[in-house]
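Participant: Please read through the structure below; I'll follow up with questions.
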Amino acid sequence: MINVKTIDDLAQRLSAMVPPGVSAAREELTSNFKAALQSGLSRLDLVSREEFDIQRAVLLRTREKIDLLERMVADLEHRLDELNANDGAKR
Numbered sequence: 012m013i014n015v016k017t018i019d020d021l022a023q024r025l026s027a028m029v030p031p032g033v034s035a036a037r038e039e040l041t042s043n044f045k046a047a048l049q050s051g052l053s054r055l056d057l058v059s060r061e062e063f064d065i066q067r068a069v070l071l072r073t074r075e076k077i078d079l080l081e082r083m084v085a086d087l088e089h090r091l092d093e094l095n096a097n098d099g100a101k102r
């Protein structure tokens with residue numbers, strides 16, 4: 012999930028954009044911005060960069076294994092075809 016410091020920074024930036032006449036309510040706005048950001052982001056299905064990188068590595072290893080297995084199956088099918096062809100030639 013997105014880290015709390017990032018949410019705090021975003022809330023501070025948003026409150027800094029508030030016009031000067033409303034600056035008295037800046038702290039309350041910052042708090043409201045922070046709550047709104049946390050609420051909105053919690054509804055999203057986000058993962059951390061670390062989780063993403065781990066899953067990416069797992070998927071890459073899986074893809075490599077699938078490629079190897081596909082080559083092995085193709086080789087076995089080729090051998091089987093050769094055996095069947097030789098059996099047909101002997102009959």
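Residue numbers (this note's numbering): 12 to 102.
The beta carbon of each residue, even a glycine, is placed where N, CA and C say it ideally should be.
Is residue 57 helix, strand or coil by DSSP?
Facilitator: Residue 57: coil per DSSP, three-state reduction.
Participant: What residues in its chain sit with their C-beta under 7 Å from that of residue 19, if we drop five residues either side in the sequence?
Facilitator: Cβ within range, chain order: 45.
Participant: Which word fits residue 22, buried or exposed, when buried means at least 16 other C-beta atoms lie within 10 angstroms of its C-beta?
Facilitator: Answer is buried; the Cβ neighbour count reaches 16.
Participant: What did DSSP end up calling residue 14 once you bin it into helix, strand or coil?
Facilitator: Here residue 14 sits in coil by DSSP.
Participant: Is residue 29 helix, strand or coil when you go by DSSP?
Facilitator: Note: residue 29 maps to coil in three-state DSSP.
Participant: Roughly how many angstroms separate the alpha carbons of residue 90 and residue 77, rounded to a whole number?
Facilitator: For residue 90 and residue 77, the distance between alpha carbons rounds to 20 Å.
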